[in-house]
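The structure under discussion appears below in the form of structure tokens.
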């Protein structure tokens, strides 16, 4: 007996843009210009330009498997460069422009990138990076008129460079973790992993994008593939909307109105700026229907403000760079939806709760444990490391503490590294932050351990306030009776602005350095 077979159809990322140019050629990518206005291009024209990027890189000596670094904002040109790099089989190493010169230079050295493509306003930083990374042969710029500009070179660049002629398991992207709680580590995305991740987030119970959507990707392309949006939106023929480098509330409101955005995606701090702008101006955004948040805990008060003021549904989510990055997303119509819930995993992601030693908890629902995960888009080994990142049973240890409710929804209850050991007992900052963060007077809250001679560590509360007249007692009072008395922070530290890491998360490394001493 001879079994039948199916076609060999490699799951390479160029297929998303090729699908869009064939079946949705006029659907647009919209990019905000500095100072107002937008640029628009259809997928067919964008694909043509992306192929010329491939041709230009080939002329510069880039071959399949080589790394090409980008240091750029969310723009049309960056999307073209992405597909130009990945389509030809090279690896797109995204660099975060909000990191230091030393950090970025170290990452470029580690990746061995041959070329660096940067936004024009980031050229001085790009040149410093290139000076420390000897493998970089040249620097090209996008989104601006400089002597190093890529744009004029595209006119004569070849456009017949083969796309997708690599194994689906070949590397396509490289992103380093945010480093908010430790040293950044490189995560390599393959064509297959990102392809399957895209199919997963497009499901109806996940992000559910369609051709009728205009999706604003505020989450940066230099972090975790912009949550996969530059793949997912062309895959369905939707409008991909990009904010450039301007992500303040006024700029986002103007772009949402101009591009008739239906879905916004980004970290909570971005939407705080938007709602504050709308509250101050009285403006409305009638096309906006959903906001998808992740990357940091969602304050209940902010979620309520967004839904009431904008008339949107907020979908919370949980993920990590190591997960490509989506892990769970709350359904917009889930009656159990709330700010602390991160939803359920879609097919392709498995969750496991263990004790501190890694032993699976006998009851996986209703108890707190250490969260582990596995799946087709989950890291197996970090870039440049020989050892596996998995435990002996094949699970990735996330470092998160979590609870899975009776309904299957995941609630992240803290970070294992954030736990404070006071007098030999553990305090979970996330529980305190959730209560204080729900106060309408509080914009952002963080709890860290401060060195203490008697107890080893004691918790202190750092807050960025909306109402500066709020007393310390008014901030701490909601904690009493809801947490153990010895969990109540010893002090309230008022900050004019909460320090944020490059991805918009609260920077606890900096908070500990500035406020954790005795």
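Numbering (the numbering used here), first residue to last: 210 to 727.
No residue lacks a Cβ here, since even glycine has one placed at the ideal position from N, Cα and C.
Nothing here was measured: the structure is a model prediction, and the numbers come from that model.
Using the three-state DSSP reduction, which class does residue i fall into: helix, strand or coil?
i	result
residue 385	strand
residue 622	strand
residue 673	strand
residue 211	coil
residue 398	strand
residue 291	helix
residue 592	coil
residue 579	strand
residue 561	strand
residue 569	strand
residue 477	helix
residue 207	This structure cannot settle anything about residue 207, because the visible part of the chain is limited to 210 through 727.
residue 359	coil
residue 258	helix
residue 508	coil
residue 431	coil
residue 160	As displayed, the chain neither begins before 210 nor continues past 727, which places residue 160 out of reach and without an answer.
residue 553	strand
residue 629	strand
residue 715	strand
residue 451	strand
residue 548	coil
residue 535	strand
residue 340	helix
residue 652	strand
residue 461	helix
residue 370	coil
residue 484	helix
residue 611	strand
residue 574	coil
Would residue i be called buried (16 or more neighbouring beta carbons within 10 Å of its own) or exposed?
i	result
residue 324	buried
residue 252	buried
residue 333	exposed
residue 695	exposed
residue 642	buried
residue 645	buried
residue 407	buried
residue 210	exposed
residue 272	exposed
residue 484	buried
residue 216	exposed
residue 603	exposed
residue 616	exposed
residue 594	exposed
residue 635	exposed
residue 663	exposed
My understanding is that residue i touches residue j, with C-beta atoms under 8 Å, so please give their C-beta distance in whole angstroms.
i	j	result
residue 291	residue 439	6 Å
residue 541	residue 522	5 Å
residue 609	residue 650	About 28 Å; that fails the 8 Å criterion.
residue 570	residue 619	Between residue 619 and residue 570 the Cβ distance is about 14 Å, and since that is not below 8 Å, they are no contact.
residue 551	residue 576	Going by Cβ atoms, the distance from residue 551 to residue 576 rounds to 17 Å, so no, they are not a contact pair.
residue 386	residue 427	At roughly 20 Å, the Cβ-Cβ gap does not stay under 8 Å, so residue 386 and residue 427 are not in contact.
residue 431	residue 511	Rounded, the Cβ-Cβ distance is 25 Å, inconsistent with contact.
residue 372	residue 223	4 Å
To which residues does DSSP link residue i through a beta bridge?
i	result
residue 347	324
residue 230	Residue 230 is not bridged to any residue.
residue 692	689
residue 660	666
residue 442	Beta-bridge pairing links residue 442 to no other residue.
residue 393	Paired residue(s): none; residue 393 is not in a bridge.
residue 248	240
residue 302	278 and 383
residue 605	582 and 599
residue 637	DSSP output for residue 637 lists no bridge partner at all.
residue 436	Partner(s): none; residue 436 has no beta bridge.
residue 527	537
residue 709	715
Does residue i come within less than 9 Å of chain C when only Cβ atoms are used?
i	result
residue 505	Here there is only one protein chain, and chain C is not present.
Do the stretch 395–409 and the stretch 531–542 meet, that is, are 3 or more Cβ pairs less than 8 Å apart?
Counting Cβ pairs under 8 Å, three or more are found: they touch.
Is there contact between the stretch 260–268 and the stretch 349–369, where contact requires at least three CB pairs shorter than 8 Å?
Contact between the stretch 260–268 and the stretch 349–369 is present, because at least three Cβ pairs lie under 8 Å.
Are three or more beta carbon pairs between the stretch 513–521 and the stretch 583–596 nearer than 8 Å?
Counting Cβ pairs under 8 Å, fewer than three are found: no touch.
contact_flag[the stretch 464–480, the stretch 706–723] where n(CB pairs < 8 Å) is 3 or more:
At 8 Å Cβ cutoff, the stretches touch.
Meets three-Cβ-pair contact criterion under 8 Å: the stretch 457–472 and the stretch 297–315
Contact annotation: the stretch 457–472 does not touch the stretch 297–315, with fewer than three C-beta pairs closer than 8 Å.
Pairs of beta-carbons, one from the stretch 234–248 and one from the stretch 398–417, closer than 8 Å: are there three or more?
The stretch 234–248 is not in contact with the stretch 398–417.
Should the stretch 339–357 be called in touch with the stretch 219–237, which here means at least 3 C-beta pairs below 8 Å?
Below 8 Å, too few C-beta pairs join the stretch 339–357 and the stretch 219–237 to call them touching: fewer than three.
Per the contact definition of three or more C-beta pairs closer than 8 Å, is the stretch 444–458 in contact with the stretch 223–230?
The stretch 223–230 is in contact with the stretch 444–458.
Inspect the CB distances between the stretch 627–637 and the stretch 666–680 and report whether three or more fall short of 8 Å.
Taking a cut-off of 8 Å on C-beta distances, the stretch 627–637 touches the stretch 666–680, as three or more cross pairs fall below it.
Inter-stretch contact at 8 Å, needing at least 3 Cβ pairs: the stretch 273–291 / the stretch 253–261
Segment contact: the stretch 273–291 against the stretch 253–261, three or more CB-CB distances shorter than 8 Å; contact assigned.
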